[in-house]
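Everything below concerns the one structure shown next.
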Amino acid sequence: MAYTEEELKKELETKEYEYGFYTDIESDTFPKGLSEDIVIAISQKKQEPEWMTEWRLEAFRVWKEMEEPEWANVNYDKPNFQDISYYSAPNKKPKYNSLDEVDPELLDTFKRLGISLDEQKKLAGVAVDIVMDSVSVATTFKKTLAEKGIIFCSISEAIQEHPELVKKYIGTVVPRKDNFYAALNSAVFSDGSFCYIPKGVRCPMELSTYFRINQAGTGQFERTLVIADEGSYVSYLEGCTAPSRDENQLHAAVVELIALDDAEIKYSTVQNWFPGDKDGKGGVFNFVTKRGLCETNAKISWTQVETGSAVTWKYPSCVLKGDNSIGEFYSIAVTNNFQQADTGTKMIHLGKNTKSTIISKGISAGQSQNSYRGLVQVNSRAENARNFSQCDSLLMGNKCGAHTFPYIEAKNKTAQIEHEATTSKIGEDQIFYCNQRGIDTEKAIALIVNGFSKEVLNKLPMEFAVEAQKLLEISLEGSVG
Amino acid sequence: MDLKDKLLSSFIAFENNVDLDNPVHEVRSEAIKNFEVKGFPTKKEEAWKYTSLNSLQKVDFSIFPKQENTLEYKNVKKYFLHEIDTYKIVFIDGVYSSYLSETTHDGVDVCLLSAALTKPQYKQVIDVYFNQVASRDESLTTLNTAFSREGAYIYIPKGKVPKKPIQIVHFSTGNEAALMLQPRNLIIAEENAEVQIIERHQSLTENEVFTNCVTEIFAAKDANVDYYKVQNDAKTASLVDNTYIAQKDNSVVRVHTFSFGGKLIRNNLNFYQNGEHMDSVLKGITILGDKQHVDHHTLVHHAQPNCESHQDYKGIFGDKSTGVFNGKIIVDQIAQKTNAFQQNNNILLSDKATINTKPQLEIFADDVKCSHGCTIGQLDEDALFYLQSRGIPKKEATALLMYAFANNVLESVRIPELKKRINKIIANTLGVRVGFDL
Numbered sequence: 013m014a015y016t017e018e019e020l021k022k023e024l025e026t027k028e029y030e031y032g033f034y035t036d037i038e039s040d041t042f043p044k045g046l047s048e049d050i051v052i053a054i055s056q057k058k059q060e061p062e063w064m065t066e067w068r069l070e071a072f073r074v075w076k077e078m079e080e081p082e083w084a085n086v087n088y089d090k091p092n093f094q095d096i097s098y099y100s101a102p103n104k105k106p107k108y109n110s111l112d113e114v115d116p117e118l119l120d121t122f123k124r125l126g127i128s129l130d131e132q133k134k135l136a137g138v139a140v141d142i143v144m145d146s147v148s149v150a151t152t153f154k155k156t157l158a159e160k161g162i163i164f165c166s167i168s169e170a171i172q173e174h175p176e177l178v179k180k181y182i183g184t185v186v187p188r189k190d191n192f193y194a195a196l197n198s199a200v201f202s203d204g205s206f207c208y209i210p211k212g213v214r215c216p217m218e219l220s221t222y223f224r225i226n227q228a229g230t231g232q233f234e235r236t237l238v239i240a241d242e243g244s245y246v247s248y249l250e251g252c253t254a255p256s257r258d259e260n261q262l263h264a265a266v267v268e269l270i271a272l273d274d275a276e277i278k279y280s281t282v283q284n285w286f287p288g289d290k291d292g293k294g295g296v297f298n299f300v301t302k303r304g305l306c307e308t309n310a311k312i313s314w315t316q317v318e319t320g321s322a323v324t325w326k327y328p329s330c331v332l333k334g335d336n337s338i339g340e341f342y343s344i345a346v347t348n349n350f351q352q353a354d355t356g357t358k359m360i361h362l363g364k365n366t367k368s369t370i371i372s373k374g375i376s377a378g379q380s381q382n383s384y385r386g387l388v389q390v391n392s393r394a395e396n397a398r399n400f401s402q403c404d405s406l407l408m409g410n411k412c413g414a415h416t417f418p419y420i421e422a423k424n425k426t427a428q429i430e431h432e433a434t435t436s437k438i439g440e441d442q443i444f445y446c447n448q449r450g451i452d453t454e455k456a457i458a459l460i461v462n463g464f465s466k467e468v469l470n471k472l473p474m475e476f477a478v479e480a481q482k483l484l485e486i487s488l489e490g491s492v493g
Numbered sequence: 115m116d117l118k119d120k121l122l123s124s125f126i127a128f129e130n131n132v133d134l135d136n137p138v139h140e141v142r143s144e145a146i147k148n149f150e151v152k153g154f155p156t157k158k159e160e161a162w163k164y165t166s167l168n169s170l171q172k173v174d175f176s177i178f179p180k181q182e183n184t185l186e187y188k189n190v191k192k193y194f195l196h197e198i199d200t201y202k203i204v205f206i207d208g209v210y211s212s213y214l215s216e217t218t219h220d221g222v223d224v225c226l227l228s229a230a231l232t233k234p235q236y237k238q239v240i241d242v243y244f245n246q247v248a249s250r251d252e253s254l255t256t257l258n259t260a261f262s263r264e265g266a267y268i269y270i271p272k273g274k275v276p277k278k279p280i281q282i283v284h285f286s287t288g289n290e291a292a293l294m295l296q297p298r299n300l301i302i303a304e305e306n307a308e309v310q311i312i313e314r315h316q317s318l319t320e321n322e323v324f325t326n327c328v329t330e331i332f333a334a335k336d337a338n339v340d341y342y343k344v345q346n347d348a349k350t351a352s353l354v355d356n357t358y359i360a361q362k363d364n365s366v367v368r369v370h371t372f373s374f375g376g377k378l379i380r381n382n383l384n385f386y387q388n389g390e391h392m393d394s395v396l397k398g399i400t401i402l403g404d405k406q407h408v409d410h411h412t413l414v415h416h417a418q419p420n421c422e423s424h425q426d427y428k429g430i431f432g433d434k435s436t437g438v439f440n441g442k443i444i445v446d447q448i449a450q451k452t453n454a455f456q457q458n459n460n461i462l463l464s465d466k467a468t469i470n471t472k473p474q475l476e477i478f479a480d481d482v483k484c485s486h487g488c489t490i491g492q493l494d495e496d497a498l499f500y501l502q503s504r505g506i507p508k509k510e511a512t513a514l515l516m517y518a519f520a521n522n523v524l525e526s527v528r529i530p531e532l533k534k535r536i537n538k539i540i541a542n543t544l545g546v547r548v549g550f551d552l
């Protein structure tokens, strides 16, 4: 074997975070700290109507009363909420009509991320709403979408231009007092994406957003609201990266999906925020609340590939309120070095004949801890509810951990619930088999991991799947014992 | 006065009756201090999320029975496994009944914990084992430790096998309006020893009983312990059963829990493996109706390489009953080559019944095979139709299917008479006569 495990390890350890660069764009940053004044200032800065300011303040008051949750299976130094700047926007902020007008340095950033706008524009036909340090700077394909009546813009724009929609739906799926981070987000969210698909419209392209944390000491508080009106369909992609920073950055986003009768929303995430270096220094704290509401015959499908962040705390959930509604959750969570992930889903069955599927694949390497935490709840009126859950863990090396915390609560006799979980490692015989056929160990591992996660990768939109596959390989290089 | 205060003040009275110079006294004092701080567990604690002890704390339980009671064997014969010859350790309202018991010191010790705690010839064993595996901070366990005085004491020396199985039976006569019992059992199987034990708690009236029982089991190298818990008590009895098991190299410990009766049952079954090549088996059948509540809480801690554990719990829940299963498997980093399996299958028969299950894995070693499976479902309509089409009435057909569902748990029961008895209880619980012995 030409490439030994030792060599691999060395290479991996010295490998810097590929996306760890810092774009020097003058930013408009607020002083550190959080108070009612800051909340009001954020609201004013965004020229929000009064009801929105009030809404934020109410959330802030709730947040002050709350305590940071400790039940998750993760250990970290709690962020000091008074030591964070709650608003940071790139300074030169004209509205672009074409890509040529965009700050070339910014474009370069995206190029290095491998998501060059023009390439995507040409090849994939993806409309990208880019969020860089909290403010949406470029939206493409808006016109094409507008013809269909689809609204796809930043949430601050939506508050200005479509206040009736925002007012009606914001906070309905994730209430302000839902949890500590949701309350914080509701108070200080700086920007995010808003999407509305009108009745019966099938969105012709994949909508996509890229999040990226740039400025040091800024928290990223995104707010995403996707509304699919009756009979509509939308596929939404979200990708995240953050540059290499020593201190821990905080990201507390809220995503709300609303699928009205017969609508379908597909929400895919690839998250590769800075996971901290090989000694566990730095990295992003990712505390996200994602939840979708399904009305009658609606379907929400969450797909996520989580390879980044030092600490992840994320449970994309579905409330299956309407009869015959469907919830799906497909997840790959990869942790390496000192990363910690506590992720999973909640499927709340309220309506009749509701179905949910959970496929979760956890891969832990290095000294990382990977937990699946899920809840399947069947309420007493949810006749014929059906759930299938599968969570598989793959351990690489003997210093990492895999944990499963599935909660299953059934209150209806017609419920059919299945849950299965396995934990295993890559077998020596499997590697040997590959070696014997001339595939080196490195490639063999990639092959096996790929096979292990295939069920989830298959659910990703094409262009994401390629990227995700690449990410898996990068995150796991040389981590096999 | 709530139950906690009553227990704390009773402890002073309790101390007046025990030997204060005994080293166990220190263990008790420390335990009561812990209980004073912790109090009864509440639903806010993760481990008690689905089970509330609030209603019990409102009852005015007698901590000590006021008078000694006796029972006639012929009246309680049916509660014994009387088809075979066994050793018996019998307690009536927490007090040892020499009349109903059959103990021995012939090669093995099958006797009382009260004797073992006070007599000098047992001191060495008590020093090594007593309160060594039981939790020192779980509040109900420490409460039991504080009041530990009576229970079964079973010591099987190296290479010995008792001539017959041992039955531990706790009767409550109902002479008190409400009685709290805290039996404490200590079971030690030395190297290469083997023992079979059947435990049962039985109240004879509808008067309320709250039993907080702790059993410590030590299985030394190559030892083999079978422990059967038959929980078929009156519908007014509550039981918190804490079992702590420490295992050494090559030992096999099997615990079967059959829960059919009782108002509220909480089983805390904890296996601590400390050695290699051992096997822990946890099996359970739960069939509930009415407003019964059974909570199975299991823990298997794999601390050394090359060990196995097998868990299989089946539950059938009717009426307004609630079933909880929380199984936890921990595999330490050094415990490579562990095989840990956990299975929990449930059938819901009624819309008012609830199942909460949480099969949990915490794994720190990579070369392991661990799996858990959990299902909640109904009886197969097609199978039911098939049986009915062959002339078997619906009720019997349902019972047959349910029996088949639970049956593979019974397969590992190694006392044939006990297996028969459990079958009978299942048939009674399901309310059918299928016309042949199941």
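One line per chain: the protein sequences are A and B, in this order. Counting from 1 along the first sequence, just add 12 to a position and that's the residue number in our numbering. Counting from 1 along the second sequence, just add 114 to a position and that's the residue number in our numbering. For glycine and all other residues, C-beta sits at the position ideal for the given N, C-alpha and C. No experiment lies behind these values; they were computed from the predicted model shown.
Residue i versus residue j: straight-line alpha-carbon distance, rounded
i: G375 (chain B); j: K362 (chain B); result: 34 Å
i: Y98 (chain A); j: N420 (chain B); result: 52 Å
i: G487 (chain B); j: V317 (chain A); result: 25 Å
i: Y164 (chain B); j: K157 (chain B); result: 7 Å
i: T471 (chain B); j: I420 (chain A); result: 5 Å
i: A337 (chain B); j: Y386 (chain B); result: 15 Å
i: L353 (chain B); j: V204 (chain B); result: 17 Å
i: P210 (chain A); j: A158 (chain A); result: 11 Å
i: F192 (chain A); j: V266 (chain A); result: 11 Å
i: N470 (chain A); j: E525 (chain B); result: 42 Å
i: Q457 (chain B); j: I401 (chain B); result: 17 Å
i: L69 (chain A); j: C306 (chain A); result: 29 Å
i: A345 (chain A); j: K333 (chain A); result: 28 Å
i: K278 (chain A); j: I282 (chain B); result: 59 Å
i: A482 (chain B); j: A199 (chain A); result: The sequence given here places Val at residue 482 (chain B); Ala does not occur at that position. Computed Cα separation, rounded: 46 Å.
Reduced DSSP secondary structure (H/G/I, E/B, other) of residue i
i: H139 (chain B); result: helix
i: V246 (chain A); result: strand
i: Q281 (chain B); result: strand
i: D393 (chain B); result: strand
i: I448 (chain B); result: coil
i: I451 (chain A); result: coil
i: C484 (chain B); result: strand
i: D203 (chain A); result: strand
i: A228 (chain A); result: Its pLDDT being 48, under 50, A228 (chain A) is placed unreliably by the model, and the measurement read from it follows with that caveat. Correct three-state label for A228 (chain A): coil.
i: G429 (chain B); result: strand
i: Y213 (chain B); result: coil
Start-to-end residues for the alpha helix (DSSP H) that takes in residue i
i: D119 (chain B); result: L117 to N130
i: N348 (chain A); result: Run containing N348 (chain A): none; DSSP gives neither H nor E here.
Segment limits, beta strand (DSSP E) that includes residue i
i: I177 (chain B); result: Counting along the chain, I177 (chain B) falls outside any beta strand (DSSP E), and DSSP gives it neither H nor E.
i: A454 (chain B); result: N453 to L462
i: F297 (chain A); result: G295 to C306
i: F417 (chain A); result: G413 to A422
Neighbour-count burial assignment, residue i, 16 or more Cβ in a 10 Å radius
i: A518 (chain B); result: exposed
i: Y208 (chain A); result: buried
i: E173 (chain A); result: exposed
i: M359 (chain A); result: buried
i: L134 (chain B); result: exposed
i: I301 (chain B); result: buried
Chain D contact for residue i (CB, 8 Å cutoff)
i: S423 (chain B); result: Reference to chain D is not applicable here, since the protein chains of this structure are A and B.
Task: Inter-stretch contact at 8 Å, needing at least 3 Cβ pairs: the region 277-291 of chain B / the region 253-260 of chain B - done: Flag = no, the region 277-291 of chain B and the region 253-260 of chain B do not touch.
Open item on the list: Counting beta carbon pairs with one atom in the region 176-193 of chain A and one in the region 71-78 of chain A, are three or more of them shorter than 8 Å?
Closed with: These segments touch.
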